[in-house]
Amino acid sequence: MKMDLILRITTKLLIPFMLLFALYVQFHGDYGPGGGFQAGVITAAMVILYALIFGLKAAQRVVPVSVVQFMVPLGVLVYTGVGVYTMFKGGEFLNYNLLGHDRVHAQEWGILLVEIGVYITVSGTMTAIFYMFAGRGR
Amino acid sequence: MSSSQLPALQVVLPLLGAVICAFLRRGTLAWGVALCVTWTMPVIALSMLWQVLATGPISYAMGGWAPPWGIEYRVDMLSGFVLFLVSGVAAVIIPFARKSIATEIDSTRQAWFYTMYLLSLCGLLGITITGDAFNVFVFLEISSLSTYVMIALGRDRRALLAAYQYLIVGTIGATFYVLGVGILYSLTGSLNMVDISSRLGELGFQPPVLAAVAFLFVGISLKLALFPLHSWLPGAYAYAPSFATAFLAASATKVAVYLLVRYFFSVFSVSQIFEGLPVSEILIVLSVAGMIGASLVAVFQEDVKRMLAYSSVAQIGYMTLGIGLANKQGLTGGIVHLFNHAITKAALFLAVGAIVYRMKTCKIDDFAGLGRRMPLTMGVFVLAGLSIIGTPGTAGFVSKWFLAVGALEEGWWWLVAIVMVSSLISVVYIGRVIEIAWFREAKPIADNAREPPASMLLPMLFLAGCVVYFGFATSMSAGYASKAAAHLLGAEQAIEVPAAAGTKQ
Amino acid sequence: MTPSELIIAALLIPVFAAIFIPLASAAPNLREGITLTATVLLLVTVLQLLQLVLNGEQPEWTGLEIAPGLALAFKIEPLGMLFALVASSLWIVNSLYSIGYMRGNNEPRQTSFYICFAIAIASTIGIAFAKNLFTLFLFYEILTLSTYPLVTHKATEEAINGGRVYLLLLLGTSMVLLLPAIIATWVIGGTADFTPGGILAGKADGLTLGVLLAVYIFGIGKAAVMPFHFWLPAAMVAPTPVSALLHAVAVVKAGVFSVVKVVVYVFGIETLSTSGHAGWLVYVAGATVLIASIVALRQDNLKKRLAYSTVSQLSYVVLGAAILTPISVVGATLHIAAHAVSKITLFFAAGSIYTASHLTEVSQLNGIGRRMPWTMGAFAVGALSMIGLPPTAGFLGKWYMLSGAASTGQWVAVGVIMASTVLNAAYFLPVVYAAFWRPPDGEAAEHNHGEAPWPMVAALTATAVATVVLFLMPGVPLTLANMMVGR
Amino acid sequence: MNPFIHELIAHYNQWITIFLMVSGLYIVIAKDNMVKKLVGLSLFQTSVYLLYISPGKILGGTPPIMDPKFSVYSNPLPHVLILTAIVVGVATLALGLALVVRINEAYGTIEEDEIFARGEEE
């Protein structure tokens, strides 16, 4: 266990930056490479790293299983919610143009919202998959 | 929201329902959601079908992006028909699910099952409604992935194995499909089916088209379990929860058959597929092999679900035979068999599901004496079995009639004989179950067997009623199918008359 | 009631009986009451229809359409009328007899027996009144399926095996041969409606007609033309009223009726006789007549002997149709009615012997005529009719067939009919002789039994009388038969 | 240069695709180990990604962001499609692995031949 010291310290240092980078990828996705999927995976990787170093129990204290299970459908709900909202506004499913006053902003809003949905689902799913495999008896 | 939103709702509602189910913990609540969603589906499908009949195909631009650039949802005669079929059968059988699922799946996983069921429904309806070749792939995978999970939820550990095998085969199939689409995309630069079709017409025949046809054919055939590619089906049907089996048997393979028809007749044209290439011959040979081979295998099964699964493989042969004949009567027979077999097999699997509900087994030997203990359930089984055999007065006869007429119009009397021999074999395997159920002494295991509760009995009886009703009143099933067939064949001939003259003979 | 309502009524009366019988399963008397009421109602309805047909009308009713031009439709022509008349009147007698037999032998599952019986009668009426090949085929299959539970009624190993042969052979021939033949007719002729003069007249060449005829004849497995006859002996495991129904009223008659109907209305007598490819049928039918008679000689089991006799008698009808002259077709038609009443008498007698004494073998019947004079008297009348001697109905049909064959110089057919008459006498007369004039065996003599229960005796006496009456007053069947061939 | 060889080299991306596809399929068919089969399956799917992506790159083209300085853009659509396909592939792989884990729990092995050999005894 003593050998873990370097790993533990490094992990503690790394994790905030990973989260920050995930958020950067998430919100920069509108302009450059990136988006919800990548950000979600990076976030999940953060959780997985934490679990690898500090143990599954510690990780599940920080990100409980119930939260993860809640996140998976929540993201899809955000996505379909945007779509249904545009339908209520009288347009087609996921017609972003109806989300704002002018088309450019409306498109940006639409992409942002959908990407947030993707982020929630992907980070949730990736973590859930890890929990599922890691939680099995050896 | 106006009625113009219907195409999107058809797919979005099951998706939304699946999300809601995923939040729920209690199986019964999830079932309630699934019930509400599933019962809206045929209403939507029917009103779209009405609109199609009145004013022609409906086109819906997803996200406001006009086709061919955006994803188009397109409802025409054929897809409207299949949408109604899938959603209608699902709506009829969903009341059956609650009690059946409650006994076959752990209570913690029931809500999860309904999530997967709704996702699968969403995927299947999506495949049917979308007019975008790549979007089909996405929906194909949505439905397949959720189906793998549904199968894996079966009690038996062999369910896991069946799900795994289906996953491997299904993924290969889907990947082949994507390959085909990729080739079409690099040839035409479009993913919209209508657009691809018109651009292919301009291009004329090029060798890569052949590769595309081959990949699409094999990929879709894996999904629809065409004879030598059917290995995943018996295990999947036998070990999945009973309700899932009934749902899949009535919808999944049917949608795949639809996809094959869509590609052969709408995306490609009759001249490219049936006159330039030996597709017709291949299809007919494989169909015939399936009809005879799978029926023979069915005779030797010890498990009723497995037996019915092999019978499905054989019955799929009838549908592909209709496609292979590629004349109006034959294609009508194929499409109407899609419909008839869906209701017939759903009724059969529901009856078996009810027996599993009471007996916890579906070995043929354990059916002994059930004819008197569960007369209504077995009555449904007999009636639907007669439709599988193709007795006149049941739905199965109608499709066989059209197929035989289609074959005779080509002058292939031997094909008629093979169709009939195949139904004769089905007499053997259906008759075996009936004989045991009525004329063998009941085993101790059947002591508690009695009719299932009304929520399970009514869907069965309704489907059995449909089997007889569509055996006589064919204006809806066969009438519509022949319109769709004429539409599919007619539309092509308009495009390819000059090309046909060159390729023929 | 209008004619079309009468047709619907005739079809629905047995169906309603089948629906009400299970409701009354707890009260056997009420249940049997329903059956008997239905039989009488059906006969009244059929008689009303007969009135119309004799006046030269052809009542019609068209139901749902299956495919364009292919509908569930009924139209009563003389041949169908005759068949329906025979079936519905014999149903009364048979029901009476069944009640006696089922109660006398304490058979299990009587309710389902009566249900299946009623459905079988409904489908027989459906076959008789069918306007097109599809309707005929529909009820033909329903008849097979509804009689399957009757054949396996005893649920013993032997009964199940017999049922298996019965179902597979009848369904098999009808599916693999008859249905394709119907579809081919539809594709070639453009219609499936029975047409006077023939659907295929002038639409196909001689060879096609010959092949199609073969597919039809062997496809109609119920007509029991060799080699597709062995379902009939296999079905002998059934209770006797069922054998009576199968062998005299419903199943086999549906078979030969279909054969005559196909020959007359699908091919047309004229068309076939000029096609030059229909002559083989005389040989096939003749061979069946002779071989089955010889096999019957060797059967010791009384019901088996009757079964082979039926196989041979059915081929008389086919032979009559195969001679292809109007007068022989009249003979075939008359033989349908004549064989029905006489064979049902014989089976009734066999069942009555079984009920009273539990004897099944011919060799056990020595001297039984003294204890059961009514039964054996009726048996003798039936036997005479089978041989074709006056004053019994069997004579009429044979006479017409013979004159048809002789007038066209078909000496093979004449020879077959003559030879088989001798054979018939050889396997029936010894039974009658032994029953009346041989002294009872030691063992049988100790059994002190009398006649069977009265409903059975009444039934078999009635049919025996009918056999004679039909010879003396053949008016109605003869008129109908003549109307069919347009004489 | 020999035109035939030229053809061979010009379509090098397709050769890679075909190689990956065939080796993936071979693994799926030939291996009994269920995890290896999934690896093969992924390889097979990857070959398709390549098939889509490689024609999307247009030589000299830039990322498809409108700018007056550029006129030739790479085709963005294949990337979008393949992103979707990758997600699907990941989901399939995850589900497949989950199944293998449960099969291992239920049967105690992930070798298909061993499981089938045992299946006959049941």
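Protein chains in written order, with our numbering: chain A, 1 to 138; chain B, 1001 to 1505; chain C, 2001 to 2487; chain D, 3001 to 3122. Yeah, the Cβ is synthetic: ideal placement off N, Cα and C, and Gly gets one too.
- Counting only runs of at least 4 residues, the segment 2224-2261 of chain C fully encloses the following alpha helix (DSSP H) elements, listed from N- to C-terminal order: 2231-2234, 2240-2244, 2251-2261.
- Sorting L1222(B), D1156(B), F1081(B), S1482(B) by C-alpha distance to the C-alpha of G1173(B) places L1222(B) at the top.
- DSSP places F2134(C) in the uninterrupted alpha helix (DSSP H) bounded by 2133-2151.
- In this structure, the straight-line span from the alpha carbon of G90(A) to that of N97(A) is close to 11 Å.
- With respect to the 8 Å criterion, A1449(B) and L1376(B) are not classified as neighbours on the basis of their beta carbons.
- Per the coordinates, the alpha-carbon of K2304(C) lies some 11 Å from the alpha-carbon of F2230(C).
- With a threshold of 16 other beta carbon atoms within 10 Å, T86(A) meets it and is buried.
- Sixteen is the threshold: when 16 or more other Cβ atoms of the shown chains lie within 10 Å of the Cβ of K2154(C), as they do, the residue is buried.
- Taking 8 Å as the Cβ-Cβ cut-off, the segment 2122-2149 of chain C approaches chain B at F2134, F2137, L2138, E2141, I2142, L2145, P2149, given in chain order.
- Counting along the chain, E2065(C) sits inside the beta strand (DSSP E) bounded by residues 2060-2067.
- For the segment 3023-3056 of chain D, the continuous alpha helix (DSSP H) assignments of 4+ residues that do not extend past its boundaries occur at 3034-3056, in sequence order.
- The alpha carbon of K12(A) has as its nearest neighbour, out of L99(A), Y50(A), G117(A), the alpha carbon of Y50(A).
- Separation of the CB atoms of L2167(C) and G1431(B) is rounded to 6 Å, and the pair is thereby assigned contact status at 8 Å.
- About 6 Å separates the beta carbons of I3053(D) and I3082(D), which is inside the 8 Å limit, making them a contact pair.
- Only exposed fits S1107(B), as fewer than 16 other CB atoms lie within 10 angstroms of its CB.
- Under the three-pair Cβ rule at 8 Å, the segment 1244-1259 of chain B counts as touching the segment 1206-1226 of chain B.
- V2256(C) is a Cβ neighbour of I2336(C), given a cutoff of 8 Å.
- Here R3118(D) carries a helix assignment [DSSP, helix/strand/coil].
- From the beta-carbon of F133(A), the residues of chain D found nearer than 8 Å are L3097, A3098, V3101.
- Looking from the CA of S1399(B), the closest CA among V1336(B), T1474(B), A1354(B), M1048(B) belongs to V1336(B).
- Going by C-alpha positions, F2113(C) is about 54 Å away from T1130(B).
- Proximity of chain D to I129(A) at the Cβ level (cut-off 7 Å) is accounted for by A3094, in chain order.
- For the segment 3063-3088 of chain D, the set of residues with a beta-carbon nearer than 8 Å to any beta-carbon of chain A comprises L3083, V3087, in chain order.
- In the DSSP assignment, R1358(B) falls within the unbroken alpha helix (DSSP H) covering 1328-1359.
- Annotation: the continuous beta strand (DSSP E) that includes S1059(B) extends over 1058-1061.
- Straight-line spacing of the CA atoms in S1198(B) and P1208(B) works out to 17 Å.
- By a beta-carbon distance limit of 8 Å, A2393(C) does not contact A2458(C). Their separation comes to about 20 Å.
- In the displayed model, D2193(C) falls within a strand according to three-state DSSP.
- Using a CB distance cut-off of 8 Å, M2236(C) does not count as an interface residue toward chain B.
- In terms of beta-carbon proximity, F1134(B) lines the interface with chain D, with at least one pair separated by less than 8 Å.
- Pairing G36(A) with G117(A), the inter-Cα distance amounts to about 8 Å.
- Among the residues of chain D, none has a CB under 8 Å from the CB of I1445(B); the nearest is roughly 19 Å distant.
- A distance below 6 Å between beta-carbons, with the five flanking residues on each side excluded, links A2435(C) to the following residues of its chain, in chain order: L2365, I2368, G2369, M2376.
- If you keep only unbroken beta strand (DSSP E) runs of at least 3 residues inside the segment 1067-1148 of chain B, you get 1072-1075.
- Taking the C-beta atoms as reference points, F1139(B) is found nearer than 8 Å to G1126(B).
- Note that the C-beta distance between A2452(C) and G2104(C) is below 8 Å.
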